Amino acid sequence: MKRPAKKSIPDTNTIIRYLVKDDDGLYAKAKAFFDNVKTGSEKVIVLESVIAECIYVLTRIYKVPREKASASLTGILHYKGVANEDREELIRALVLFSERKLDIVDCILCAKADGPDVHLFSFDDQLNRISASGKR
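In the working numbering, the protein residues as written are 4 to 139.
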């Protein structure tokens, strides 16, 4: 019986080096890695905690505009080798992040609560309205 291929879990630093290209040596390694993810020859799982930390680092440390940070991470999530079961939810969260003045964790909550059998429980009225408006 054939064993499933191992998947890598890139950390925040790897993704940041790839996106901001501020260290030539680390960027080269990250680019080689993500080139393989793009073609599907490398399988990865991008954790939502890493997405949240990347958003923080990109927008707060590197002062990347919300829309650009969101688009860059969404681009990575579209790579052929991304094996996340929650890929579409993370993409919805990033789109919501680019459109609204919500923090990324709230955007992830809204995206995760967008299913027919899931309900967001929050004391934040704005968050509840956004979550309810996204229901199909």
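Yeah, the Cβ is synthetic: ideal placement off N, Cα and C, and Gly gets one too.
Since the structure is predicted, the reported quantities are computational estimates derived from the model, not experimental observations.
Short of 7 Å from the beta carbon of Val60, and not among the five residues preceding or following it, lie these beta carbons of its own chain, in chain order: Thr15, Ile19.
Secondary-structure assignment with DSSP links Ser11 through a beta bridge to Val47. The alpha-carbon of Ala55 is positioned some 21 Å away from that of Lys41. In the displayed model, Val121 falls within coil according to three-state DSSP, outside both helix and strand. Apart from the 5 residues on each side of it in sequence, Phe37 sits with its Cβ closer than 6 Å to the Cβ of Tyr21 in its chain, given in chain order. Residue range 69-80 is occupied by the alpha helix (DSSP H) that includes Thr77. Closest option to Ile12, judged by alpha-carbon separation, among Val85, Leu29, Ser101: Val85.
Non-local beta-carbon contacts of Lys83 in its own chain, meaning distances under 8 Å to residues more than five positions away in sequence, involve Val40, Lys41, Thr42, Gly43 in chain order.
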